[in-house]
Each structure stands twice: as C-alpha cells, then as structure tokens.
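Below: the structure, in structure tokens.
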Amino acid sequence: MTEDEHSGIEPRSFLTCAMEVARLLGVGDVAMKPNDQARHLAHTVRKPLLERASLPDELFAPLMAAAVYDPDPSFCRWFVEPAVYAFGRRRVMAALVDYLRIGTDAERAGAVRAWYSAHVPLRVDRSPAYGPGGVRDPALDESQDIKAAWLEASMQVFSEATDLQMRHRVLLSLPTSPAAYPPSLHELLESTLASARVHPDPHIRRWAAATDRKGA
C-alpha cells in the first residue's frame, strides 16, 4: 500500500528516478511519461535488473534514489534487491544510512521503507550477479557496523526532528530489544527511551514500554 500523502514524496520525483534507471539500462522508451506511468516503468526495469550478471557502477546511485523515492513500501524492493546482489548489502545499507543522516524528510522516510528490503535473503539462483560460479565475496555483505550506524542515525533523527510523523516513523522502525544495540549505543538508547517514555504520542510511549519490558 502506498505511503500516505503526507510523506512529501512527489510522483514526478519517483518517475524521474525510474526513468534514469531505465535509461542507463537501455530498457524501453524512457521519454517523459505521465505520473501514473511511473509504476509501469519500474515494472519494466525489474526483470533486466535481476537478470544481469553485473551492473555498471554508474547505476548504483540512481537505483538507490529510485528505491528511496518509490512511495510504495511494497515495491521499492524492485530497486533495492538487484542493488544488493550487484553491489553488496554493505554498500546498499551504507547509502541508506547516508539518506537517513543528511536527506530531506521525504528521503529519510524513503530510506526507512527501503531499509527493510535491504535485508533481503540472497540466493544463488535468484540472480547471476550473486557471484561468479555461485561464489560470493562475504565482504560485500558484511554489515554489522552499518546496522549499528543505522540505529544511531535513527535515534539521532528522533531526537532532532521537529516533524512528529518523522519522529514516529524512525523510532517505530527500531528494535525493542536492548540486546540489539551495541554497547557503544547504550547511552544514546537510554536518552532516547527517556524522551519516548514521556512523549505525547501513544505509539512512541508504547515503543518505550516494550523496550523497557525486554530490558528488565
């Protein structure tokens, strides 16, 4: 289901991103189309993205932009998944952390949606970009430190954002188990919890209560 209209993401922006991906792939007619054709264009590039054994490096940034600007959390995987196969989970997650840290509110919201898809399980039979002869360099997907950076950036956005919806979005995407946070983030987690416990939004207070229960 498409994000509500308050997300701040314009259909034209998503269309432009999808058109750039199609242009770089050399797929289909990438002439400007009406806004309601953005999803059709995204569907057109989905198959060739997964079928290619490699993707040019110049395609990485447009793929991530398309994933972030896709307003539908059910479909942004069409761009995230091939990027994970071709460029590695680590690079994809690091790009999403950057969007969360320095992006606009609309880009941050898109990064939160895309983050879930960045955890897609990798299968050797899913894409020839998995690796030569079915062998994949584990360094491509090493991401524990990037996941910690995501947790840190999410809590910082919660602390600094003035938009309630943004604070709500980033906090509720965080795990409620304190064990999921590395020791280096425990102080920040405690500060975040202190703020969330007294927040006027009931969903945020429930997140804090659930985290407190699991940490007891």
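Just so we're aligned, residue 1031 is where the sequence shown starts under the numbering used here, counting upward by one.
Yeah, the Cβ is synthetic: ideal placement off N, Cα and C, and Gly gets one too.
{"Check": "Buried/exposed call for Tyr1146, threshold 16 Cβ in 10 Å", "Outcome": "exposed"}
{"Check": "Beta-carbon proximity list for Gly1118, same chain, < 7 angstroms, skipping 5 on both sides", "Outcome": "Leu1170 and Asp1171"}
{"Check": "Exposure of Ser1104, with buried meaning 16 or more beta-carbon neighbours within 10 Å", "Outcome": "exposed"}
{"Check": "CB contact below 8 angstroms: Ala1097 versus chain B", "Outcome": "Considering every chain present, this structure includes no chain B. It has just one protein chain."}
{"Check": "Any 3 or more C-beta pairs closer than 8 angstroms across the region 1126-1134 and the region 1076-1087", "Outcome": "no"}
{"Check": "Spatially closest choice to Ser1203 from Trp1180, Asp1167 and Val1057, by CA coordinates", "Outcome": "Trp1180"}
{"Check": "Buried versus exposed call for Ile1132 [16 or more other C-beta atoms within 10 Å across all chains shown]", "Outcome": "exposed"}
{"Check": "Assigned secondary structure, Cys1250 (DSSP; H/G/I helix, E/B strand, else coil)", "Outcome": "This structure leaves residue 1250 out entirely; the chain is present only between 1031 and 1246."}
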